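For reference, the structure discussed in these notes is given below.
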Amino acid sequence: MDEKQVIASRVALELNPGNLVNLGIGIPSMVSEYVDKDKFITFQAENGIVGLGPFETEDTLTVNASGLKASIVEGGAFIDSLTSFSLIRGGHIDVTVLGALEVDEDGSIASWIIPGKKVPGMGGAMDLVMGSKKVIIAMTHTNRGKAKIVEKCTLPLTAFKQANLIVTEMCVIEVHDDGLHLIEVHPDFTIEDVKNATEAHLIVDKVLPMKGI
Amino acid sequence: MKKRIDKQKFMSLIEDGMTLMVGGFLTNGTPETLIDWTMDSGKKNLTIICNDGGYPDKGVGKLIQAGRVTKLIASHIGTNPTAGELMQNGQMEVILVPQGTLVEQIRAGGAGLGGILTETGKGTVVENNKRLIEVKGKTYLLEEPLTADISLIGGAITDQFGNLRYVATTRNFNPVMALAATTVVAEVYEIKDYLDPEIIITPHPLVDYIVVGEFHG
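Residue numbers (the numbering used here), protein chains in the order written: chain Y, 5 to 217; chain U, 1168 to 1384.
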């Protein structure tokens, strides 16, 4: 498995039977490939699908939240943006998985803008991280060697103190009130490797090998 | 079909400086014919309210590309590099709004509400210059209503009366925008004799004009 597959397959283990889940673009969107079908996970796409299916080549006027041709599963529903964001803000989404540019010791997330360079906008991310019951950050551990798990986010925030779990190709980190707890490390790395690639302080007590490898 | 209009009539509805709401999500459900006719109208200094900035050659991106838009209110402009450039060099004002807040602001505008209270954006730049209001121990941002002169609606199928249903994911912002403008024009790709009242999403009194366009994804 490459690093993206490691991350996506590990995140998939966090989804519980019957969950309603929103997957962001990039690595998060790969999570659905690793989910056990018997768990009956329902994926939501914020543009208006409850029951998002795989990519589709035919134009059925059905797209996912990246604007790409997609499908709807049996039992799925098309909804408008009002209903979609009522689901999101109203606490009806069990898990949201998104990428990030930075996550910090408070669990604050920066993911939508690099001032002066890239201004894509927040899209639905601010609502998703605010309203979902569990927020999982799925991202590569560093950006060209630069730490992304930092003491304090330097980029404009997507949300203050909303991340619950961080999954990278190196490790799994839980976000608690007292800080970031390192709970799993990929067998290819040591705890020291993880610490060296992380700017934030990590609380290390019991560390297990990364699940799902 | 009394509400059906042609290109000349449509172009006569658009004026310089107007605020237009445009339905669609990354152009899925955007009325491309109405965008093209807005282009051909030559009107400028437009304010566009749309989920996103479209693509340079598709959706509201075409109007942005042509320099017709002085202000864009959207949740995302990442698919249209031109929008980003115009924003950075000050040629177009861009107000980025969380998507769930944007849709609720439009709802408030269309539903006669004085605004909405949301936790989205708390502790971020979205909070800047907003009033904070405490309700039952929680703090919310007050977000004001949005309305428009014209809403351009897409992705629809109509009947003889102008009732609308939407196809697949084209629904997105369209139904709520049909509530929030003085004049509502819907581009449909089919006029049916009859639509089951159970599946109508936008009732006909909200729809002023109908234009028949083409099927596009």
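Glycine included, every Cβ here is placed at the ideal spot set by N, Cα and C.
Since the model is a prediction, treat every value here as computed from it, not as a measurement.
Reference residue i; option with closest CA among the options
i	options	result
VAL1379 of chain U	U:THR1194, U:THR1200, U:PRO1372 and U:ASN1256	U:THR1200
GLY216 of chain Y	Y:ILE113, Y:VAL189 and Y:ILE207	Y:VAL189
LEU1193 of chain U	U:ASP1219, U:ILE1202, U:THR1205 and U:ASP1183	U:ASP1219
ILE1324 of chain U	U:ILE1262, U:VAL1352 and U:ASP1203	U:VAL1352
GLY1162 of chain U	Y:GLY128, Y:SER112, Y:ASN147 and Y:GLU7	What the structure shows of chain U is the stretch from 1168 to 1384, and residue 1162 of chain U is not part of that stretch, so it cannot be assessed.
GLU62 of chain Y	Y:SER36, Y:ILE76 and Y:GLY55	Y:ILE76
MET1168 of chain U	U:PRO1370, U:ILE1358, U:ASP1183 and U:ILE1367	U:ILE1358
VAL1374 of chain U	U:GLU1365, U:THR1349 and U:TYR1356	U:THR1349
VAL1293 of chain U	U:TYR1307, U:ALA1233 and U:GLY1245	U:TYR1307
GLY1221 of chain U	Y:SER70, Y:VAL15, Y:ALA142 and Y:LYS165	Y:SER70
LEU102 of chain Y	Y:GLY80, Y:ILE83 and Y:MET130	Y:MET130
ASP40 of chain Y	Y:GLY28, Y:GLY30 and Y:GLY22	Y:GLY22
GLU1381 of chain U	U:ILE1367, U:TYR1356, U:ILE1366 and U:MET1344	U:TYR1356
LEU206 of chain Y	Y:GLU109, Y:ASP181, Y:GLY28 and Y:GLY128	Y:GLU109
Beta carbon of residue i nearer than 8 Å to that of residue j
i	j	result
GLN9 of chain Y	LEU24 of chain Y	no
VAL67 of chain Y	THR100 of chain Y	no
PRO160 of chain Y	PRO124 of chain Y	no
ILE1317 of chain U	MET1178 of chain U	no
ILE153 of chain Y	VAL107 of chain Y	yes
LEU65 of chain Y	THR1337 of chain U	yes
THR1237 of chain U	THR1214 of chain U	yes
ILE170 of chain Y	GLY135 of chain Y	no
GLY1226 of chain U	ILE1202 of chain U	yes
Residue i burial status per 10 Å Cβ neighbour count (16 or more: buried)
i	result
ASP1326 of chain U	buried
ASP1115 of chain U	Shown here, chain U extends from 1168 to 1384; a query on residue 1115 of chain U therefore has no answer.
GLY52 of chain Y	buried
ARG148 of chain Y	exposed
ASN20 of chain Y	exposed
ILE1262 of chain U	exposed
Residue i - containing alpha helix (DSSP H), residue span
i	result
LEU1180 of chain U	1174-1180
ASN26 of chain Y	No alpha helix (DSSP H) contains ASN26 of chain Y, which is instead part of the beta strand (DSSP E) from 24-27.
GLY1228 of chain U	1228-1232
CA-to-CA distance, residue j to residue i, given in whole angstroms
i	j	result
LEU1346 of chain U	SER90 of chain Y	18 Å
SER85 of chain Y	ASN26 of chain Y	14 Å
ILE1320 of chain U	GLU1354 of chain U	6 Å
ASP1300 of chain U	GLY1281 of chain U	Strictly speaking, residue 1300 of chain U in this sequence is Ile, with Asp absent from that position. Roughly 14 Å separates the two Cα atoms.
GLY1191 of chain U	LYS1229 of chain U	14 Å
GLY1384 of chain U	ALA74 of chain Y	Model confidence at GLY1384 of chain U stands at a pLDDT of 47, short of 50, so the residue's coordinates are unreliable and nothing is read from them.
MET138 of chain Y	ALA167 of chain Y	Looking at the sequence provided, one finds Lys at residue 138 of chain Y rather than Met. If I take the Cα positions, the gap works out to 8 Å.
LEU212 of chain Y	LEU1309 of chain U	45 Å
ALA1250 of chain U	ILE195 of chain Y	44 Å
LEU186 of chain Y	GLU203 of chain Y	13 Å
ASP1360 of chain U	VAL1334 of chain U	17 Å
VAL176 of chain Y	ALA1278 of chain U	45 Å
THR1314 of chain U	LEU1331 of chain U	20 Å
LYS1170 of chain U	SER33 of chain Y	43 Å
VAL1189 of chain U	ASN1339 of chain U	11 Å
THR1369 of chain U	GLY55 of chain Y	23 Å
GLN1258 of chain U	THR146 of chain Y	35 Å
SER115 of chain Y	PRO1364 of chain U	43 Å
ASN1341 of chain U	THR1197 of chain U	9 Å
PHE1328 of chain U	ASN1212 of chain U	33 Å
Residue i - containing beta strand (DSSP E), residue span
i	result
GLN48 of chain Y	46-49
THR1200 of chain U	Careful: THR1200 of chain U lies outside any beta strand (DSSP E), inside the alpha helix (DSSP H) at 1199-1208.
SER13 of chain Y	Looking at the DSSP string, SER13 of chain Y is not in any beta strand (DSSP E); the run it does join, the alpha helix (DSSP H), is 7-16.
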